[in-house]
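Everything on this sheet refers to the single structure shown next.
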Amino acid sequence: MKSSTDPEKQHLIDTHLETLVWVSSPEKKCSDSEFDEDALSVEGLLQHEWLCQEDDWRSVTERDSRCLARKKLFTACAVSLVFMTGEVIGGYAAGSLAIMTDAAHLLTDFVSIVISIFSLWIASRPKTGTMTFGWYRAEILAMFLSVVSIWAVTVVLVLSAVQRISDGEYEIDSEIMLITSGCAVGVNVLMILILHQPGSSHGHSHGFATNLTQRDKHGQRNSHGNASVKAAFVHVVGDLVQSVGVMLAATIIHFWPEYKVADPICTFLFSLLVIGTTLPVTRDVFRILLEGAPRDVSFGAVRELLLSVGGVTAIHSLHMWSLNTTHSLLSVHLATEEDADSQIILRKATRVLRSKFGFTSITIQVESCRISGSSVEV
Numbered sequence: 001m002k003s004s005t006d007p008e009k010q011h012l013i014d015t016h017l018e019t020l021v022w023v024s025s026p027e028k029k030c031s032d033s034e035f036d037e038d039a040l041s042v043e044g045l046l047q048h049e050w051l052c053q054e055d056d057w058r059s060v061t062e063r064d065s066r067c068l069a070r071k072k073l074f075t076a077c078a079v080s081l082v083f084m085t086g087e088v089i090g091g092y093a094a095g096s097l098a099i100m101t102d103a104a105h106l107l108t109d110f111v112s113i114v115i116s117i118f119s120l121w122i123a124s125r126p127k128t129g130t131m132t133f134g135w136y137r138a139e140i141l142a143m144f145l146s147v148v149s150i151w152a153v154t155v156v157l158v159l160s161a162v163q164r165i166s167d168g169e170y171e172i173d174s175e176i177m178l179i180t181s182g183c184a185v186g187v188n189v190l191m192i193l194i195l196h197q198p199g200s201s202h203g204h205s206h207g208f209a210t211n212l213t214q215r216d217k218h219g220q221r222n223s224h225g226n227a228s229v230k231a232a233f234v235h236v237v238g239d240l241v242q243s244v245g246v247m248l249a250a251t252i253i254h255f256w257p258e259y260k261v262a263d264p265i266c267t268f269l270f271s272l273l274v275i276g277t278t279l280p281v282t283r284d285v286f287r288i289l290l291e292g293a294p295r296d297v298s299f300g301a302v303r304e305l306l307l308s309v310g311g312v313t314a315i316h317s318l319h320m321w322s323l324n325t326t327h328s329l330l331s332v333h334l335a336t337e338e339d340a341d342s343q344i345i346l347r348k349a350t351r352v353l354r355s356k357f358g359f360t361s362i363t364i365q366v367e368s369c370r371i372s373g374s375s376v377e378v
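Going by full-length UniProt numbering, 214 is the number at position 214 of the sequence shown; the sequence numbering is gapless.
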């Protein structure tokens with residue numbers, strides 16, 4: 001066998017000769033006992049077809065869960081749209097920018113829910129000869145366009161608040177402001193009841209289609225409920241806090257009209273809240289569109305895990321990227337010992353990557369290499 005002159009393989013050879021971290025260490029090898037050897041037979045490989053294709057995790061239970069999630073999201077979307085329109089009318093009638101800003105935040109909730117519904121629908125569309133990865137990136141583009149539109153509305157409201165403070169010539173109908181903000185609190189409580197999922201715990205995070213799930217022992221994303229519904233839930237919790245703030249400002253203005261400056265001040269504070277809740281979304285959008293590694297996956301951790309697989313001597317061409325916030329992919333070349341069983345190594349590597357990091361698609365090329373003196377043949 002001749003020494004390789006291919007640049008890709010030469011990179012592997014140079015890596016091996018310089019004994020960098022890309023080369024596995026014997027003491028870090030996973031013992032064979034850590035794997036189910038019964039599943040490593042030819043019959044086992046045939047029975048586990050996910051080795052050569054993506055797993056079909058869309059069980060009947062999951063389909064029912066998605067159906068229930070869509071019903072919840074459609075209901076919340078309708079309530080959100082109706083009351084957002086009511087807040088805009090009430091804010092205009094009261095002359096309150098704070099209510100208008102609260103409506104802008106409600107717009108982020110509405111857009112978030114729409115994107116969640118869109119993501120549930122787009123994920124069910126089949127792949128085509130042109131869209132070989134499916135339609136997941138459409139969700140990312142929708143997220144980006146929604147953020148831009150929300151920022152534009154927020155900028156207009158902030159400029160109006162600055163003008164009000166500088167001029168001081170504005171009147172606020174505190175009664176209408178109180179009624180509208182009180183209704184906002186009630187509507188947000190209603191939406192929380194609609195979106196609440198029994199047995200789930202909710203951390204406050206504002207990613208539009210944020211990955212709020214955890215991985216179970218099989219590497220699948222497990223959230224004790226639909227992730228899209230959970231994302232919408234935390235948005236509504238944030239809007240409830242803002243609506244309570246608007247109601248407090250309305251109360252102050254109602255009893256102490258000389259402190260009407262509380263309205264534009266609330267506009268500034270709530271605008272910061274809107275920007276703050278959309279910044280993580282913007283980071284996710286650019287990371288995904290620029291083919292960055294998944295947010296919750298460490299490149300070094302993946303590399304070390306692969307090097308710990310028995311029979312693997314080195315790796316190269318390790319690439320990780322995401323289709324959206326929940327679907328991550330990996331491709332890598334594994335150099336193995338000359339007498340190693342490539343199918344067993346392929347099986348082990350695929351299993352540990354799935355169980356540890358939850359990649360939804362894994363492509364591995366196994367290359368047998370032989371070290372002869374100071375040269376490496378692949």
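Just so you know, even glycine gets a beta-carbon here, dropped at the ideal spot from N, CA and C.
It should be emphasised that the depicted structure is a prediction, and the values quoted were computed from it without experimental measurement.
- For L279, the secondary structure class from DSSP, reduced to helix, strand or coil, is helix.
- Just so you know, the alpha carbons of F357 and A293 end up roughly 12 Å apart.
- Here the C-alpha atom of I176 lies approximately 51 Å from the C-alpha atom of M131.
- By the criterion of a C-beta distance shorter than 7 Å, K71 is surrounded by no residue of its chain, once the five residues flanking it on both sides are discounted.
- Inter-segment contact for the stretch 139-157 and the stretch 177-187 is absent: fewer than three beta-carbon pairs are separated by less than 8 Å.
- If you compare the alpha carbons of Q163, W151, L106 with that of V187, the shortest gap goes to L106.
- For H327, there is no enclosing beta strand (DSSP E), as DSSP marks it with neither H nor E.
- Annotation for E139: the continuous alpha helix (DSSP H) segment containing it runs 136-167.
- DSSP, read as helix, strand or coil, puts L107 in helix.
- S322 places its beta carbon 7 Å or farther from that of I345.
- When secondary structure is reduced to three states using DSSP, S298 falls in the coil class, being assigned neither helix nor strand.
- With a beta-carbon spacing of about 11 Å, V241 and D102 fall beyond the 8 Å limit used to define contacts.
- About 6 Å separates the Cβ atoms of T277 and T108, confirming a contact at the 8 Å cut-off.
- A direct Cα-to-Cα measurement between V261 and T128 gives close to 57 Å.
- Distance from the CA atom of V82 to the CA atom of T75, rounded to whole angstroms, is 11 Å.
- With 16 or more other Cβ atoms from the protein chains shown falling within 10 Å of its own Cβ, F110 counts as buried.
- The stretch 252-270 and the stretch 161-170 touch, with three or more beta-carbon pairs separated by less than 8 Å.
- Per DSSP, reduced to three states, the secondary structure at A293 is coil, with no helix or strand assignment.
- Per the coordinates, the alpha-carbon of G91 lies some 9 Å from the alpha-carbon of I172.
- Check the Cα spacing between A104 and each of S149, F286, E338, T251: the tightest is with S149.
- Judged by DSSP secondary structure, I192 falls within the alpha helix (DSSP H) whose first and last residues are 174-195.
- For the options F359, E139, T154, the alpha carbon positioned closest to that of S298 is the one of F359.
- At least 7 Å separates the beta-carbon of I192 from that of V229.
- Of the candidates C67, A161, V79, the residue whose Cα lies closest to the Cα of W121 is C67.
- An exposed status is given to D339, since fewer than 16 other beta-carbon atoms sit within 10 Å of its beta-carbon.
- Residue burial annotation: F286 is exposed, with fewer than 16 other C-beta atoms found within 10 angstroms of its C-beta.
- When V312, L318, S368, I275 are compared, the shortest CA-CA separation from K348 is found for V312.
- Its chain contains T267, F268, S271 as the residues whose beta carbon lies nearer than 8 Å to that of V158, once the 5 sequence neighbours on both sides are disregarded; these appear in chain order.
- A straight line joining the alpha-carbon of T251 with that of A93 spans about 17 Å.
- If you check the CB distance, I113 and L73 come in under 7 Å.
- Counting of Cβ neighbours within 10 angstroms places D296 among the exposed residues, the total staying below 16.
- Assigned with DSSP and collapsed to three states, E338 falls in coil, not helix or strand.
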